[in-house]
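Here the sequence shown stands for residues 49 to 265, where the numbers follow my numbering.
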Amino acid sequence: MLMEMKHVESQAREIIRRCGDIPVYAAEFDVLTQLTGFHLTRGMLCAMYRPPMPGPEEICAGARRIAVLEHVMNPTNVGAIFRSAAALNMDGVLLTSACSNPLYRRAIRVSMGTVFQIPWTFLDSGLSWPQEGIGRLHELGFKTAAMALNDDSVSIDDAGLMSEEKLAIILGTEGDGLAAGTIADCDYTVRIPMSHGVDSLNVAAASAVAFWQLGRR
């Protein structure tokens, strides 16, 4: 761990106690800024080994509701989606290879640490997306729901949609939304009813609405 000297005997004391033999390096703020290359505004950094990523099959085992992120590249959005997924009954999160890594500092901070609570992994790089990726979800028993504004989309409160035993909720990149091929390969295309002429929501906001409605148990 790397932290400001002033925290050693204050906020960080209990954390240090629990960490046992883990090395702790402390210095003044200006020194830490030079070492890290950015302002260490929260007072502490930790370096740790990252465990091997689980496979999608492990994430989906026993799951009834999972979120799938397609090319969501903004770490703020990724973090916000994870926070909503953890709070609103998602059992896991799958990400395509172009997504921002949930372990980026910004994503972790915005998620309020929920990236360490909800199971997640990247989809196999050897699988083409969407064809093989969505095919794998179908093989695992999931119906797939693309969150998109299409003429044939169903409302998010559709009875058939909500009654699905296992559902993968697929959300697209900022701006462009889901790819046409993804929408075509999904079992459902789902819209969120809106008013006042608003035709779309930020992907993080849309995820919270979708998870709340479709994650009910």
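A virtual CB, placed ideally from N, CA and C, is assigned to each residue, including glycine. Bear in mind the structure is a predicted one, so any value in this text is a computation, not a measurement.
How would you call residue i, buried or exposed, if buried means at least 16 neighbouring beta carbons within 10 angstroms?
{"i": "MET138", "result": "buried"}
{"i": "ARG66", "result": "exposed"}
{"i": "CYS108", "result": "buried"}
{"i": "ASP233", "result": "buried"}
{"i": "ILE114", "result": "buried"}
{"i": "SER132", "result": "buried"}
{"i": "ASN125", "result": "buried"}
{"i": "HIS119", "result": "buried"}
{"i": "THR162", "result": "buried"}
Which partner residues of residue i appear in the DSSP bridge assignment?
{"i": "ALA60", "result": "BP columns for ALA60 are empty, so no partner."}
{"i": "TYR236", "result": "ALA193"}
{"i": "TYR73", "result": "LEU50"}
Indicate the three-state DSSP secondary structure (helix, strand or coil) for residue i in the structure shown.
{"i": "MET51", "result": "strand"}
{"i": "MET210", "result": "helix"}
{"i": "ALA258", "result": "helix"}
{"i": "ALA95", "result": "coil"}
{"i": "PRO104", "result": "helix"}
{"i": "LEU83", "result": "helix"}
{"i": "ASP78", "result": "helix"}
{"i": "VAL251", "result": "helix"}
Comparing C-alpha positions only, which one of the options sits nearest to residue i?
{"i": "VAL79", "options": "MET53, LEU151, ILE107", "result": "MET53"}
{"i": "MET195", "options": "VAL163, HIS186, ALA228", "result": "ALA228"}
{"i": "ILE182", "options": "LEU143, VAL163, PRO71", "result": "LEU143"}
{"i": "TYR236", "options": "ALA256, ALA207, ASP224", "result": "ALA207"}
{"i": "ILE156", "options": "MET49, ALA256, PRO123", "result": "PRO123"}
{"i": "LYS191", "options": "THR81, GLY103, VAL141, LEU215", "result": "LEU215"}
{"i": "CYS147", "options": "TYR97, ILE129, ILE64, PRO100", "result": "ILE129"}
{"i": "GLU213", "options": "ALA95, GLU222, HIS186", "result": "HIS186"}
{"i": "PRO104", "options": "ALA134, HIS55, LEU171", "result": "LEU171"}
{"i": "TRP179", "options": "VAL238, SER201, THR230, PRO100", "result": "The sequence shown places Gln at residue 179, rather than the Trp named in the question. Ranking VAL238, SER201, THR230, PRO100 by Cα distance to GLN179 puts THR230 first."}
{"i": "SER211", "options": "PRO241, ILE166, GLY223, GLY263", "result": "GLY263"}
{"i": "THR169", "options": "TYR97, GLY140, ARG184", "result": "GLY140"}
{"i": "VAL238", "options": "THR221, LEU117, ASP205", "result": "ASP205"}
{"i": "ALA75", "options": "THR84, GLY68, ASP69", "result": "THR84"}
{"i": "TRP261", "options": "LEU136, SER145, THR162", "result": "Contrary to the premise, residue 261 reads as Gln rather than Trp in this sequence. If we check each option's Cα against that of GLN261, LEU136 comes out closest."}
{"i": "LEU219", "options": "MET96, ALA254, THR81", "result": "ALA254"}
Are any of the Cβ atoms in chain B nearer than 8 Å to that of residue i?
{"i": "GLU76", "result": "The structure shown has no chain B; it contains just one protein chain."}
Given the structure, does residue i come close to the ligand GTP, in the sense that its CB is under 7 Å from one of the ligand's heavy atoms?
{"i": "PHE130", "result": "Among the ligands in the structure shown, none appear at all, so the ligand GTP cannot be discussed."}
Which complete beta strand (DSSP E) runs does the region 138-175 hold, if anything under 3 residues is left out?
140-143, 168-170
What ranges does the beta strand (DSSP E) occupy inside the region 108-141, keeping only unbroken runs of at least 3 residues that lie completely in it?
113-117
Any beta strand (DSSP E) of 3 or more consecutive residues that is wholly inside the region 176-229:
191-195, 215-219
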